[in-house]
Structure formats: C-alpha cells, structure tokens
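Contents: one structure, followed by commentary.
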Amino acid sequence: MHDDAPLDPFANDPEDPAAALGDPGDETAPLSTTEREDVLADLADLEVFRALLEPLGIKGLTVECGDCGRAHHIDWDLLHGNLRHLLDEGLPRVHEPAIAAAPEDYVSWEYARGYVDGVIDSEEGQSS
Numbered sequence: 498m499h500d501d502a503p504l505d506p507f508a509n510d511p512e513d514p515a516a517a518l519g520d521p522g523d524e525t526a527p528l529s530t531t532e533r534e535d536v537l538a539d540l541a542d543l544e545v546f547r548a549l550l551e552p553l554g555i556k557g558l559t560v561e562c563g564d565c566g567r568a569h570h571i572d573w574d575l576l577h578g579n580l581r582h583l584l585d586e587g588l589p590r591v592h593e594p595a596i597a598a599a600p601e602d603y604v605s606w607e608y609a610r611g612y613v614d615g616v617i618d619s620e621e622g623q624s625s
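Mapping of the sequence shown onto the numbering used here: position 101 corresponds to residue 598, and the numbering continues sequentially without gaps.
Here's what the structure looks like:
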C-alpha cells in the first residue's frame, strides 16, 4: 500500500525528540463499526464535494483544528489521504497547515454540504 504521508524528518535518527513518547501504534484500537461507517461516509461526501466545487476553483476545505484552535486549509488530495489513513490505521495523521494557502480558495465542510444540498434541490426542482 502506498502511504502519501509526509516523510518523517527524524526517521532513523537516534536523537529523535519524539522517541520517548513510544510508538503510537502500540495504543491504537481499531475503529468501531460506527466509526468506520462515518469515515466511509466522509470519504463519499468528500468525493461529491470535490466533483462539484473543484471546477469552480475551490482547492479544498477549511477545517477548524481542535488541537491548535486554528483553521487549516487542506487540499482535496490531502483530505482524501488523511481519511484513508484514518480508515486504514485507526489514527488521524499528524497534520500541518497548507503553506501560504489563500483562504478564499477553501470552504468549510458545512458550506460544501450546503452547496451539494442546493445542487440536489435545484436538480429535483427541474425534474418535477
């Protein structure tokens, strides 16, 4: 399996400052059935969001980070990779905000969902 995570700058470094924390894989419990279903639903939503919003110039989503309290602007491929990693490994990846992201190129998950709902409602109204 191809892992598209950023390379660990401390890989194989005996002076790795995180070495004392241990291997996070040791504490990982597999996702519950409900959690797996939620991640699969998020992946499906993400594909629809991307299909409808990317042609409009939207590069990804803005996600409010619970760890640092800042908004991160994450592109479509990284979002997809992060969700796949969560599904496969049971843990979210360590994240890094996009470098020099233009906030106007990103929308929130809620905005994307509302946009999709609007498109669906519009199409249903036209077929009536």
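Don't be surprised by glycine CBs; every beta carbon is placed ideally from N, CA and C. Because the structure is a prediction, the values reported are computed rather than measured.
Are the Cβ atoms of residue i and residue j separated by less than 8 Å?
{"i": "C562", "j": "H570", "result": "no"}
{"i": "F546", "j": "V613", "result": "yes"}
{"i": "L549", "j": "V616", "result": "yes"}
{"i": "L540", "j": "L580", "result": "yes"}
{"i": "D602", "j": "G554", "result": "yes"}
{"i": "D542", "j": "R610", "result": "yes"}
{"i": "T559", "j": "P589", "result": "no"}
CB-CB under 6 Å to residue i, same chain, minus the five flanking residues each way: which ones, in chain order?
{"i": "D585", "result": "none"}
{"i": "M498", "result": "Confidence is the limiting factor: at M498 the pLDDT is only 47, short of 50, which leaves the residue's position unreliable, though a coordinate-based value still follows. Nothing meets the Cβ criterion."}
{"i": "P506", "result": "none"}
{"i": "W606", "result": "L558"}
Which residues in the same chain as residue i place their Cβ atom closer than 8 Å to its Cβ, once the five residues preceding and following it in sequence are excluded?
{"i": "E551", "result": "W573"}
{"i": "V536", "result": "L528, L580, L583 and L584"}
{"i": "A526", "result": "G587"}
{"i": "N509", "result": "none"}
Keeping to the same chain, check which residues put their C-beta closer than 7 Å to that of residue i; ignore five residues upstream and five downstream.
{"i": "E544", "result": "none"}
{"i": "R533", "result": "L584"}
{"i": "E621", "result": "none"}
Among all the DSSP beta bridges, which residues are the ones paired with residue i?
{"i": "S605", "result": "T559"}
Exercise for review: Return the chain-ordered ranges of every alpha helix (DSSP H) run that is complete within the segment 510-596 and spans a minimum of 4 residues.
Suggested key: 530-550 and 573-586
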